[in-house]
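Q: Numbering (my numbering), first residue to last: 1246 to 1349.
In this text, a Cβ means the ideal position worked out from N, Cα and C, and glycines have one as well.
(1) Going by Cα to Cα distance, which pick from 1284, 1255, 1288, 1253 is closest to residue 1261?
(2) Evaluate the contact criterion for the stretch 1303-1311 versus the stretch 1265-1279: three or more CB pairs, one atom per stretch, below 8 Å.
(3) Looking only at its own chain, which residues have a Cβ that is under 8 Å from the Cβ of residue 1335, when we skip the five neighbours before and after it?
(4) Which of the three DSSP states is assigned to residue 1274 in this structure?
(5) In the DSSP assignment, what are the bridge partners of residue 1258?
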C-alpha cells in the first residue's frame, strides 16, 4: 500500500480482568505480527519500575490504531477515566488514529 509504513502500531486499551480476551486477540493477529505488518502494545507490557505513564503516552502517541477492548469490567474501571484515555480521545477528536471497538 503506497504511503503505509510498517509495522502498523496498534495500542490496546483493556483491563487486567480482560487479559484472556486480549491474549486471544493477540493470537488471532499473530500472523500479521510475524510478517512484520503490525506491532501490538498495551500497558500489560509495562516494566515495573519504569516511568510507566511516559511509556504509555509514547506508545499511545505512536499508534496508528487505538483498540478499545470494551467489557463491563472496562466500563467500571478507572481506565475509562484516566489521563491516557483522555489522550486517546483527544487523538480521536483530531482524527489521528483509526479507532476500533471490540467487545470482550
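A: Walking through what the data contain:
(1) Mapped onto the chain shown, residue 1261 falls at position 16. It is 1288 whose Cα lies nearest to the Cα of residue 1261.
(2) no
(3) The count along the chain shown starts at 1 and reaches residue 1335 at position 90. There are no such residues.
(4) Residue mapping note: residue 1274 aligns to position 29 of the chain shown, counting from 1. Coil, per DSSP.
(5) The residue you call residue 1258 lines up with position 13 of the chain shown. Bridge partners of residue 1258: 1313.
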